[in-house]
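First to last, the protein sequences are chains A and B.
Position 135 (the first sequence) corresponds to 135 in the working numbering; numbering is contiguous.
Position 200 (the second sequence) corresponds to 200 in the working numbering; numbering is contiguous.
A virtual CB, placed ideally from N, CA and C, is assigned to each residue, including glycine.
First up is the structure itself, then whatever we jot down about it.
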Amino acid sequence: MIYLQAAVALSVLGGVIAVLLQVAERFLADYGPCNVTVNDDEPFVVEGGCTVLDGLYRRKIFIPSACGGQATCGFCKVVIAEGGGPVLPTELPYLGEDELAAGVRLACQVKIKQDLTVRIRPEWLNVAEFKAVVAAAESLTHDTRGIVLELREPAAIEFTPGQYVQVLVPGMGEPTYRAYSISSTPGEPGKVSLIVRHIPGGLCSTYLHRVRVGDEVIFTGPYGDFVMDADPSVGLVCVAGGCGVAPILSIVRYLWESSPERRCRVFLGFRTEDDIVCADELRELSEAMAGLDVHVALSEAGPSSGRRGETGFVHECVAAHLEAGGGRQAFLCGPPPMIQATMTVLMEKGVEREKVFYDEF
Amino acid sequence: MIEQGSMGGLAVIFLAAILTNNILMSKFLGMCSFIAISRNMRTALGMGVAVTFVTFCTAVLNHGVYYGVLVPGAPLCAADLTYLMFLVFIMVIAGFVQLVEMVVERFMPVLYYNFGIFLPLITVNCAILGVNLLMIDPERRFGLPETAAYGLGSGLGWLMAICLMAGIRERLAHSDVPKPLQGLGITIIITGLMAMAFLGFGGVVDL
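Given below as structure tokens:
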């Protein structure tokens, strides 16, 4: 009897509280429709309460965001001219003083609560959503997989070498994306190749390691601000760590099609011999292309691995082999410590700071 | 024994809750957020205000629930439900914190993100449940005004303690603390010293 009494009393009280909260939520969490203006275009209406990132996503405006709205990547910087509210503590680590003064905010943190004016990079308006199917998938190393996606809708993508796409992880409730560099060449606009290293527990890498030939994959792109100098007399220095080789591959494949004589020095860093990805293809190309040479550095190499690469970190390899001089473009892709170490070496070699582009992952 | 309903009695309860019976310094309730959020004055003040507000409101709300529903012969339910008070109190607190969270998110977004995880954690802040349970102490026989004074006083007492701690810790950041005591160690020692200092108020007012 006493249990029944307790159960009834608690459920009545719980019900009353739940109803009150529901009513409160209707009045408090409802921001109504808000007008959003992007880059001085016609304003459109978004139901308030969501983030700027999600709001623009619903209008098929795709802003890069590798962390899925967690404020950990800092990719989704936009200028909010009006209606953004105060800067939140979660954004501060990613915004410099000049950016704060210019009204730069993280689109994943600002909620649409009133009419809003946003300025985004104009090239992001060209970013589209692509439906593709897996045309081929092969194991490159023990933890890395090469995937070729054949575009279905739209059937072609226009990008420049060094750019990346964001793959949608299905079944996550909220749209969740992860960034992967394109390793194929713009000369084949109907396909996109990716190199995916499996990260234990990683959402997207686990998904991409499970997809089979014929499965549908959805991605948005292209993103990335690396623009190769069109003048073939400008030399290139490409440095990659691990599967950061993907955009370098795209650059070299593009050179092979467009200007095989162009000077391009490639430095690749891996941990051990077992981790080497795509170095053989690059070496083969280097034999056919007069301007290309490829160096491989192995940071945890055993004594027997002398044949496939030098021992040491990739920035040490750059320091040992790269000649000094300016007027060159450099493209770096790899983990942050590698980028920093290589940046220092490149500065010492006389490469101008503004000619170095990098992708950290 | 405090005279029911008199202004003097209310003032005694209010001051006692802040000083002599400070919920944090005399009972060591609400320690986790006290230590976690006392690194700088602004967030400490924000948290203190939030706790004060929630303590005051839930004390009044739960007073109503206790005497209106739970006690034997209460107007809304005659049966004796006092054995449910722990569950009921925490449910009311949780619901109320949810409501406060919605209001803060709507009208004070910076404060909302500053609180981060701590606003929902107020739900399980033992200082608040402690105040709610102490106010129904049968020996004290608090009426609604006394409960309100006690709730407000306890909240302000907690606010004062956390702000004092934040002030000390801001200065501590520039002092030379022995390595093994840095962080939590020195904080706990300071808390102990502060509790002893609060003992000095003993006898000023008494509940």
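Name the chain A residues whose beta carbon is nearer than 7 Å to that of Val103(B)? In the second sequence, counting from the first residue as 1, residue 103(B) sits at position 103. Within 7 Å Cβ-Cβ: Leu28.
* Which same chain residues, not among the five before or five after Met227(B), have their C-beta less than 6 Å away from its C-beta? -> For residue 227(B) there is no data in the structure shown, the boundaries of chain B being 1 and 207.
Review point. Since Val97(B) is in the alpha helix (DSSP H), which residue starts that stretch and which ends it?
Key: Residue 97(B) sits at position 97 when you count from the first residue of the second sequence. From DSSP, the alpha helix (DSSP H) with Val97(B) extends over 85-107.
key: Alpha carbon of Val19(A) to alpha carbon of Gly202(B), nearest angstrom   = Against the first sequence, residue 19(A) aligns to sequence position 19. Against the second sequence, residue 202(B) aligns to sequence position 202. Their backbone Cα atoms lie some 45 Å apart in a straight line.
query = If contact means a Cβ-Cβ distance below 7 Å, which residues of the segment 88-113 of chain A contact chain B?
reply = Leu88, Pro89, Thr90
**OP:** May I have a chain-ordered list of the alpha helix (DSSP H) segments no shorter than 4 residues that lie completely inside the segment 165-216 of chain A?
**Re:** The qualifying runs are 203-210.
Review point. Would you call Arg262(A) buried or exposed, if buried means 16 or more other Cβ atoms sit within 10 Å of its Cβ?
Key: For the purposes of this step, residue 262(A) is taken as the residue at position 262 of the first sequence. Buried: at least 16 other Cβ atoms inside 10 Å.
*Determine the DSSP secondary structure at Phe313(A), reduced to helix, strand or coil.*
As a first step, residue 313(A) must be located in the first sequence, where it is residue number 313. Of the three classes helix, strand and coil, the one that applies to Phe313(A) here is coil, per DSSP.
Who pairs with Ile13(B) in a beta bridge, going by DSSP? In the second sequence, counting from the first residue as 1, residue 13(B) sits at position 13. Answer is none; Ile13(B) lacks a bridge partner.
Check your understanding: Going by the beta-carbon positions, is the gap between Gly167(B) and Met31(B) smaller than 9 Å?
Key -> Against the second sequence, residue 167(B) aligns to sequence position 167. Against the second sequence, residue 31(B) aligns to sequence position 31. No.
query = Between the segment 315-347 of chain A and chain B, which residues of the former have a C-beta closer than 9 Å to a C-beta of the latter?
reply = none
Q. Closest by CA to Cys57(B), which one among Cys163(B), Leu129(B), Cys77(B)?
A. For the purposes of this step, residue 57(B) is taken as residue 57 along the second sequence, with counting starting at 1. For Cys57(B), the nearest C-alpha among the options comes from Leu129(B).
In chain B, which residues lie with their C-beta within 7 Å of the C-beta of Gly14(A)? As a first step, residue 14(A) must be located in the first sequence, where it is residue number 14. Ordered by position in chain B, the residues that pass the 7 Å Cβ test against Gly14(A) are Met91.
Return the residues of the segment 2-13 of chain A that lie within a Cβ-Cβ distance of less than 7 Å from chain B, sorted by chain order. Gln5, Ala6, Ala9, Leu10, Leu13
Bridge partners for Val266(A) per DSSP, in chain order? The residue labelled residue 266(A) in the question sits at position 266 within the first sequence. Answer is Cys238(A), Val294(A), bridged to Val266(A).
**OP:** Please confirm if the segment 104-124 of chain A is in contact with the segment 28-48 of chain A, defined as three or more CB-CB distances below 8 Å between the two stretches.
**Re:** yes
> If you count every other CB in all the chains shown that lies within 10 Å of the CB of Glu91(A), and 16 or more means buried, which is it?
Replying inline: For the purposes of this step, residue 91(A) is identified with residue 91 of the first sequence, where counting begins at 1. So Glu91(A) ends up on the buried side.
Query - Reduced DSSP category for Val110(A) - H, G, I as helix; E, B as strand; rest coil - result: Taking the first residue of the first sequence as position 1, residue 110(A) is located at position 110. Coil at Val110(A), not helix or strand.
Q: Check whether the Cβ of Ile17(A) lies closer than 9 Å to any Cβ atom in chain B.
A: Position 17 of the first sequence, counted from the start, is the residue given in the question as residue 17(A). Under the 9 Å criterion on CB atoms, Ile17(A) is classed as interfacial with respect to chain B.
His315(A) and Ala341(A): beta carbons closer than 9 Å? For the purposes of this step, residue 315(A) is identified with residue 315 of the first sequence, where counting begins at 1. For the purposes of this step, residue 341(A) is identified with residue 341 of the first sequence, where counting begins at 1. Yes, they are a contact pair.
field: Which of helix, strand or coil DSSP assigns to Leu116(A)
entry: Working through the first sequence from its first residue, we reach residue 116(A) at position 116. If DSSP states are grouped into helix, strand and coil, Leu116(A) belongs with the strands.
Excluding the 5 residues flanking Gly83(A) on each side, which residues of the same chain have their C-beta closer than 6 Å to its C-beta? As a position in the first sequence, residue 83(A) is number 83, starting the count at 1. Here the set comprises Gln114, Asp115, Leu116.
task = Check whether the Cβ of Pro86(A) lies closer than 9 Å to any Cβ atom in chain B.
result = The residue you call residue 86(A) lines up with position 86 of the first sequence. Taking Cβ atoms only, chain B reaches closer than 9 Å to Pro86(A), which makes this a yes.
Checklist line | Cβ shell of Glu138(A) (< 8 Å), same chain only, five flanking positions each side left out | finding: Here residue 138(A) refers to the residue found at position 138 of the first sequence. These residues qualify, in order along the chain: Arg145, Gly146.
Next on the checklist: Below 9 Å on C-beta distance, what does Leu20(A) contact in chain B?
Outcome noted: As a first step, residue 20(A) must be located in the first sequence, where it is residue number 20. Under the 9 Å cutoff, chain B gives Gly95, Leu99.
- Give the range of the alpha helix (DSSP H) segment to which Thr272(A) is assigned. To locate residue 272(A), count along the first sequence from 1; it is residue 272. No alpha helix (DSSP H) contains Thr272(A), which DSSP labels as neither H nor E.
Query raised in the report: Can Ile195(A) and Cys264(A) be called in contact, C-beta distance under 9 Å?
Result: Position 195 of the first sequence, counted from the start, is the residue given in the question as residue 195(A). Position 264 of the first sequence, counted from the start, is the residue given in the question as residue 264(A). In this structure, Cys264(A) does not lie closer than 9 Å to Ile195(A) by Cβ.
| said: I'd like to know if Pro75(B) contacts chain A, where contact means its C-beta is closer than 9 Å to some C-beta of that chain. | reply: Here residue 75(B) corresponds to residue number 75 of the second sequence, with the count starting at 1. So no, Pro75(B) is outside the interface.
Practice task
Assign Ile111(A) to buried or exposed, taking buried as 16 or more other Cβ atoms, counted over all protein chains shown, within 10 Å of its Cβ.
Solution key: Taking the first residue of the first sequence as position 1, residue 111(A) is located at position 111. In the sequence on display, residue 111(A) carries Lys and not Ile. Buried, by the Cβ-count rule.
Report task. Please name the residue or residues paired with Cys333(A) in a DSSP beta bridge. Result -> The sequence position of residue 333(A) within the first sequence is 333, counting from 1. Cys333(A) has Ala240(A), Asp359(A) as its beta-bridge partners, per DSSP.
Are the Cβ atoms of Val167(A) and Ile120(A) separated by less than 9 Å? Translated into the one-based positions of the first sequence, residue 167(A) becomes position 167. Translated into the one-based positions of the first sequence, residue 120(A) becomes position 120. Going by C-beta atoms, Val167(A) is not nearer than 9 Å to Ile120(A).
DSSP state of Thr191(B), grouped into three classes?
Walking along the second sequence from the start, residue 191(B) turns up at place 191. Residue state, collapsed to three classes: helix.
**Message:** Mapping the DSSP letters down to three states, classify Ala166(B) as helix, strand or coil.
**Reply:** By one-based count along the second sequence, residue 166(B) stands at place 166. For Ala166(B), the secondary structure class from DSSP, reduced to helix, strand or coil, is helix.
Counting only C-beta atoms, is Glu25(A) closer than 9 Å to chain B at any point?
Locating residue 25(A) in the first sequence gives position 25, counting from the first residue. Taking Cβ atoms only, chain B reaches closer than 9 Å to Glu25(A), which makes this a yes.
| message | Below 9 Å on C-beta distance, what does Val88(B) contact in chain A? | response | Numbered from its first residue, the second sequence carries residue 88(B) at position 88. Here the neighbours are Ala9, Leu10, Leu13.
>> Judging by CA-CA distance, which residue of Pro337(A), Pro260(A), Gly241(A) is the nearest neighbour of His295(A)?
In response: The residue you call residue 295(A) lines up with position 295 of the first sequence. Checked all of Pro337(A), Pro260(A), Gly241(A); the closest Cα to His295(A) is Gly241(A).
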